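Chemist: Numbering-wise (the numbering used here), the sequence shown opens with residue 317 and increments by one.
Beta carbons: idealized from backbone N, C-alpha and C, even for Gly.
Model, not experiment: these values are computed from the prediction.
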Amino acid sequence: MPDTPSHSNEKPEPAPGADPQPRPPRATAGGQGIEDAVPGPRAVRAHTGAPARAAGAGQSRPAPRRPAPTHTGRRPQEPLAPSWQQWQPRHDPPVWIGEIGSDEPARVSVATLWCVAVTGLLSALLLGDGLGLNLLIVTVPAALATYFAARDAGRRLRPWTLVWAVGGVALLAVPALRDAGWPTFLAVMSALALGSLALHGGRTWPGVLLGPFGLFGSLGTGLFWGFQGVRERAEGSRGRWAPVLRTAAVAVVLLIVFGALFASADAAFADLLGGLTPDVSVADGPWRTLLFVLGVGGALAAAHTAAAPLRWDRITVRPGPARGRVEWALPLIVLNLLFAVFIGVQLTVLFGGYDKVLSETGLTYSQYATQGFWQLLGATLLTLLVIGLARRWAPRDGAGDRRLVGAVLGVLCVLTLVVVASALRRMDLYVDAYGLTRLRVSVAAMELWLGLVIVLIMAAGAFGGRWLPRAVAVSGAAGVLVFGLISPDALVAERNIERYGTSHKIDVNYFQQLSADAVPALDTLPEPLRSCALEGIERDLGDADEPWYATSWGESRARDILAERPIDPQWEECSSMNLRSDSGGERDLYDDGRTGDGY
317 MPDTPSHSNE KPEPAPGADP QPRPPRATAG GQGIEDAVPG PRAVRAHTGA
367 PARAAGAGQS RPAPRRPAPT HTGRRPQEPL APSWQQWQPR HDPPVWIGEI
417 GSDEPARVSV ATLWCVAVTG LLSALLLGDG LGLNLLIVTV PAALATYFAA
467 RDAGRRLRPW TLVWAVGGVA LLAVPALRDA GWPTFLAVMS ALALGSLALH
517 GGRTWPGVLL GPFGLFGSLG TGLFWGFQGV RERAEGSRGR WAPVLRTAAV
567 AVVLLIVFGA LFASADAAFA DLLGGLTPDV SVADGPWRTL LFVLGVGGAL
617 AAAHTAAAPL RWDRITVRPG PARGRVEWAL PLIVLNLLFA VFIGVQLTVL
667 FGGYDKVLSE TGLTYSQYAT QGFWQLLGAT LLTLLVIGLA RRWAPRDGAG
717 DRRLVGAVLG VLCVLTLVVV ASALRRMDLY VDAYGLTRLR VSVAAMELWL
767 GLVIVLIMAA GAFGGRWLPR AVAVSGAAGV LVFGLISPDA LVAERNIERY
817 GTSHKIDVNY FQQLSADAVP ALDTLPEPLR SCALEGIERD LGDADEPWYA
867 TSWGESRARD ILAERPIDPQ WEECSSMNLR SDSGGERDLY DDGRTGDGY
């Protein structure tokens with residue numbers, strides 16, 4: 317019988333002259349001679365039963381291909397030299413940047429763009445003459461732009477958002493009421509910080525500390541977002557822009573023409589119109605343009621933040637590794653003992669031991685009071701830092717550890733409050749001896765706020781501290797608001813005038829450096845002190861009246877007082893006169909009550 321092909325697993329005998337083991341088919345990839353384990357087409361046909369050509373039937377076996385030559389001149393088995401790009405540093409963004417990022421904002425709406433344009437226009441027209449009520453006027457359209465952007469993004473108004481927003485608007489009342497520069501600067505910066513918190517939100521320490529700076533990060537992205545929105549709107553409605561521009565141009569022309577006619581026809585209307593409209597000249601063009609750009613950029617940054625805020629609260633601050641009880645508590649207990657000894661000495665001094673202390677130390681009364689206040693202020697700040705670090709590494713294994721932490725830190729907070737009271741007492745003694753100045757008011761207010769922060773920390777230790785970051789921020793903003801509303805310059809003048817009534821010592825030269833807020837108090841001085849004290853303030857005010865929107869209430873009141881009771885001309889050159897004090901002494905009045913060593 318003829319041989320039939322067998323499908324069993326038995327391997328056939330190799331043909332004479334053939335290889336003992338069949339080689340697997342060789343496949344090439346790109347001509348580089350790479351072995352491939354996937355069977356080729358011939359193997360697939362043999363497996364499926366397709367007829368295959370017999371070996372030696374006019375078919376020669378193909379010769380194996382050699383590896384393609386490389387262009388590096390090296391042998392194929394040698395590895396290639398590493399590329400220079402492998403040694404370049406990788407600039408991968410930190411993980412927390414991806415965590416705080418928000419979704420892309422929606423396309424800017426027409427209402428938002430109109431509010432931004434009005435903000436820029438008002439900034440160019442009103443902010444160039446000074447600060448006053450104009451800050452509140454410019455804030456209104458900017459706030460509307462953020463409202464529309466937040467509404468388009470689907471954000472809802474939350475209670476804390478309302479608290480931050482109302483606080484920011486209240487702080488902008490300080491430049492409208494007071495003329496002093498330092499309280500105004502603090503109020504404006506605090507208002508920007510609260511506005512940024514209102515847009516971002518913040519309930520944790522990272523959110524409260526970093527949220528006030530998040531608005532500055534949206535300046536570039538906000539401008540690009542607004543430009544893209546304007547371009548899309550312009551491309552989609554080119555036919556509707558021309559009527560709007562024509563209507564606006566006609567309205568402006570009519571206002572200018574008829575306003576000029578009515579102003580020339582009636583002097584009272586001309587005065588009213590001149591007081592209400594800003595005075596814009598061609599020379600102020602660059603400055604006004606810069607203010608317009610700043611107004612538009614700030615409004616777009618606020619609107620972009622409202623549409624896509626950064627989530628600073630997502631940053632997780634993990635507590636440090638817990639220390640042992642002895643390792644953690646022993647340094648703090650030693651610090652508490654040091655505070656207790658210092659407070660004991662202070663109590664002795666406060667109850668009448670100044671003469672003994674001064675005789676033993678060799679210091680003067682002013683040196684003892686001044687030196688002590690600054691050191692105690694630094695001790696208060698360092699104590700807050702110690703409390704924060706101690707909370708980070710405090711033991712937290714059970715109820716016993718929590719009681720130990722509460723007891724040690726609670727004692728430290730109580731002793732720190734006594735140190736704050738001692739520092740304020742030293743300041744009061746120094747003011748009684750040498751008078752009140754701006755710097756002394758500022759540092760005393762800061763010491764009071766630090767004491768309030770310590771009280772809040774104690775309350776957080778007793779009732780939980782989730783509300784502590786917001787409470788500290790609210791207390792700081794409230795402190796800046798109170799500091800501006802009490803008018804530090806007016807307080808300095810009133811306190812020194814009271815001191816003059818009892819000690820007949822006064823520093824008239826220092827009064828000339830104060831702002832217009834001090835004029836009502838200085839107006840009560842007798843001549844020639846009144847004229848000499850008001851000379852510098854009247855010179856700073858000048859003769860020309862500023863616009864109503866750039867004039868504070870304190871400056872307007874000072875102008876009215878000086879207009880009603882002008883300075884006596886015979887006392888205008890106060891620096892060349894030899895004024896004597898009313899106490900019967902022969903010392904110069906300027907030197908008799910001088911405020912001390914510059915502090």
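Confirm the yes/no value for this check: CB of Ser872, any heavy atom of the ligand NAP, distance under 6 Å.
Modeler: The ligand NAP is not part of the structure shown, which contains no ligands of any sort.
Chemist: Looking at Pro421 and Ala624, is the spacing between their C-beta atoms short of 7 Å?
Modeler: Locating residue 624 in the sequence shown gives position 308, where the first residue counts as 1. Locating residue 421 in the sequence shown gives position 105, where the first residue counts as 1. Cβ distance < 7 Å, so Ala624 and Pro421 count as in contact.
Chemist: Can you find at least 3 beta carbon pairs, one from the stretch 436–444 and one from the stretch 638–648, that sit closer than 8 Å?
Modeler: With a cut-off of 8 Å, the stretch 638–648 and the stretch 436–444 do not count as touching, because too few Cβ pairs lie within range.
Chemist: Output the boundary residues of the alpha helix (DSSP H) element that contains Val633.
Modeler: As a working note, residue 633 is residue 317 in the sequence shown. Neither: Val633 is in no alpha helix (DSSP H) and is coded neither H nor E.
Chemist: Less than 7 Å between the beta carbons of Ala492 and Gly800, yes or no?
Modeler: If you number the sequence shown from 1, residue 492 lands on position 176. If you number the sequence shown from 1, residue 800 lands on position 484. No, the Cβ-Cβ distance between Ala492 and Gly800 is not below 7 Å.
Chemist: For Asp805, which three-state DSSP category applies?
Modeler: Position 489 of the sequence shown, counted from the first residue, corresponds to residue 805. If DSSP states are grouped into helix, strand and coil, Asp805 belongs with the helices.
Chemist: Is Ala793 near Gly483, with beta carbons less than 7 Å apart?
Modeler: As a working mapping, residue 793 is identified with position 477 in the sequence shown. As a working mapping, residue 483 is identified with position 167 in the sequence shown. Contact flag set, yes.
Chemist: So, at 6 Å on beta carbons, what are the nonlocal neighbours of Phe501 in its own chain, with the 5 sequence-adjacent residues on each side left out?
Modeler: Counting from one through the sequence shown, the residue named residue 501 turns up at place 185. Same-chain partners within the cutoff: there are none.
Chemist: When the Cα of Tyr463 is compared with those of Val727, His620, Gln662, Val734, which residue comes out closest?
Modeler: Here the question's residue 463 lines up with position 147 in the sequence shown. Measuring from the Cα of Tyr463, the nearest candidate turns out to be His620.
Chemist: Is Val424 helix, strand or coil by DSSP?
Modeler: Counted from its first residue, the sequence shown places residue 424 at position 108. DSSP places Val424 in coil when its eight states are reduced to three.
Chemist: Is there contact between the stretch 770–787 and the stretch 519–530, where contact requires at least three CB pairs shorter than 8 Å?
Modeler: Yes, they touch.
Chemist: Going along the chain, which unbroken runs of the beta strand (DSSP E) with 3 or more residues stay wholly within the stretch 847–877?
Modeler: Those beta strand (DSSP E) runs which fall completely within the stretch 847–877 and span 3+ residues do not exist here.
Chemist: Give the C-beta separation of Asp495 and Ala832 to the nearest angstrom, bearing in mind that I take them to be a contact with Cβ-Cβ under 8 Å.
Modeler: Here residue 495 is taken as the residue at index 179 of the sequence shown, counted from 1. Here residue 832 is taken as the residue at index 516 of the sequence shown, counted from 1. 4 Å between Cβ atoms; contact.
Chemist: Hey, is the stretch 604–618 in contact with the stretch 449–469, meaning 3+ C-beta pairs nearer than 8 Å?
Modeler: Contact between the stretch 604–618 and the stretch 449–469 is present, because at least three Cβ pairs lie under 8 Å.
Chemist: Which same chain residues, not among the five before or five after Val796, have their C-beta less than 7 Å away from its C-beta?
Modeler: For the purposes of this step, residue 796 is identified with residue 480 of the sequence shown, where counting begins at 1. Here the set comprises Leu487, Leu502, Ala503, Ser506.
Chemist: Within 8 Å, do at least three Cβ pairs link the stretch 745–754 to the stretch 768–782?
Modeler: No, because fewer than three Cβ pairs between the stretch 768–782 and the stretch 745–754 fall closer than 8 Å, the two stretches do not touch.
Chemist: Using a Cβ-Cβ cut-off of 6 Å (strictly less than) and excluding sequence neighbours within five positions of Cys431, which residues of its own chain qualify?
Modeler: Taking the sequence shown and counting its residues from 1, one reaches residue 431 at position 115. The answer, listed in chain order, is Pro457, Leu460, Ala461.
Chemist: Check whether the stretch 648–668 and the stretch 718–733 touch, using three or more Cβ-Cβ pairs below 8 Å as the test.
Modeler: These segments touch.
Chemist: So the candidates are Val490, Ala723, Glu814; which of them puts its Cα closest to the Cα of Ala866?
Modeler: Within the sequence shown, the letter at position 550 stands for residue 866. For the residues Val490, Ala723, Glu814, the minimum Cα distance to Ala866 belongs to Val490.
Chemist: Could you check what DSSP says for Phe820 in three-state terms: helix, strand or coil?
Modeler: Within the sequence shown, residue 820 is the residue found at index 504, counting from 1. According to the sequence as given, residue 820 is His; it is not Phe. If DSSP states are grouped into helix, strand and coil, His820 belongs with coil.
Chemist: Taking the beta carbon of Val983 as the centre, do at least 16 other beta carbons fall within 10 Å, making it buried, or is it exposed?
Modeler: Nothing can be reported for residue 983, as the shown portion of the chain is limited to 317 through 915.
Chemist: By alpha-carbon positions, which one of Ala509, Gly660, Val727, Gln829 ends up nearest to Phe532?
Modeler: On the sequence shown, position 216 is the one that residue 532 refers to. Nearest C-alpha to Phe532: Ala509.
Chemist: Nearest-angstrom Cα distance between Val566 and Phe574?
Modeler: Start at 1 with the first residue of the sequence shown, and residue 566 comes out as number 250. Start at 1 with the first residue of the sequence shown, and residue 574 comes out as number 258. Rounded to the nearest angstrom, the two C-alpha atoms are 12 Å apart.
Chemist: Is the distance from the Cβ of Ala465 to the Cβ of Ala622 below 7 Å?
Modeler: Taking the sequence shown and counting its residues from 1, the one referred to as residue 465 is at position 149. Taking the sequence shown and counting its residues from 1, the one referred to as residue 622 is at position 306. In contact: Ala465 and Ala622 (Cβ atoms closer than 7 Å).
Chemist: Taking the alpha-carbon of Leu648 as reference, which of Leu526, Trp603, Gly722 has the nearest alpha-carbon?
Modeler: The count along the sequence shown starts at 1 and reaches residue 648 at position 332. Leu648 has its Cα closest to that of Gly722, out of Leu526, Trp603, Gly722.
Chemist: Tell me the DSSP secondary structure of Ala343 in three-state form.
Modeler: Within the sequence shown, residue 343 is the residue found at index 27, counting from 1. Here the model assigns Ala343 a pLDDT of 43, short of 50, so the residue's position is not dependable, and the following value carries that caveat. Coil.
Chemist: Do you know whose CA, among Ser580, Leu725, Arg604, Val735, lies nearest Gly660's CA?
Modeler: Locating residue 660 in the sequence shown gives position 344, where the first residue counts as 1. Per the Cα distances, Val735.
Chemist: Quick check on the DSSP output: the alpha helix (DSSP H) that includes Gly533 runs from which residue to which?
Modeler: One-based indexing of the sequence shown puts residue 533 at position 217. Counting along the chain, Gly533 falls outside any alpha helix (DSSP H), and DSSP gives it neither H nor E.
Chemist: Could you check which residue in Leu526, Ala481, Val609 has the C-alpha nearest to that of Leu535?
Modeler: Sequence index remark: in the sequence shown, residue 535 carries index 219 (1-based). Cα-wise, what sits closest to Leu535 is Val609.
Chemist: Where does Pro637 sit, in a helix, a strand or coil, going by DSSP?
Modeler: Translated into positions along the sequence shown, residue 637 becomes position 321. Pro637 falls in the coil class under three-state DSSP.
Chemist: Return the chain-ordered list of same chain residues with a C-beta closer than 7 Å to the C-beta of Trp603, the five sequence neighbours on each side being excluded.
Modeler: Working through the sequence shown from its first residue, we reach residue 603 at position 287. Taken in chain order, the residues that qualify are Gly444.
Chemist: In whole angstroms, what is the alpha-carbon distance linking Leu478 and Gln828?
Modeler: For this step, residue 478 is matched to residue 162 along the sequence shown. For this step, residue 828 is matched to residue 512 along the sequence shown. Looking at the two C-alpha atoms, the distance is approximately 41 Å.
Chemist: Note down the Cα distance separating Asp907 from Asp823, rounded to an integer number of angstroms.
Modeler: Mapped onto the sequence shown, residue 907 falls at position 591. Mapped onto the sequence shown, residue 823 falls at position 507. Note that Asp907 scores 36 on pLDDT, short of 50, meaning its location in the model is unreliable; the coordinates nonetheless yield the value given after this. Approximately 7 Å between the Cα atoms of the pair.
Chemist: Is Trp919 helix, strand or coil when you go by DSSP?
Modeler: Residue 919 is absent from the structure shown; the chain starts at 317 and stops at 915.
Chemist: Helix, strand or coil, according to DSSP, for Ile703 in the structure here?
Modeler: The sequence position of residue 703 within the sequence shown is 387, counting from 1. Looking at Ile703 - three-state DSSP - the assignment turns out to be helix.
Chemist: What residue does the alpha helix (DSSP H) around Ser512 start on, and which one ends it?
Modeler: As a working note, residue 512 is residue 196 in the sequence shown. Where Ser512 is concerned, the enclosing alpha helix (DSSP H) stretches over 497–516.
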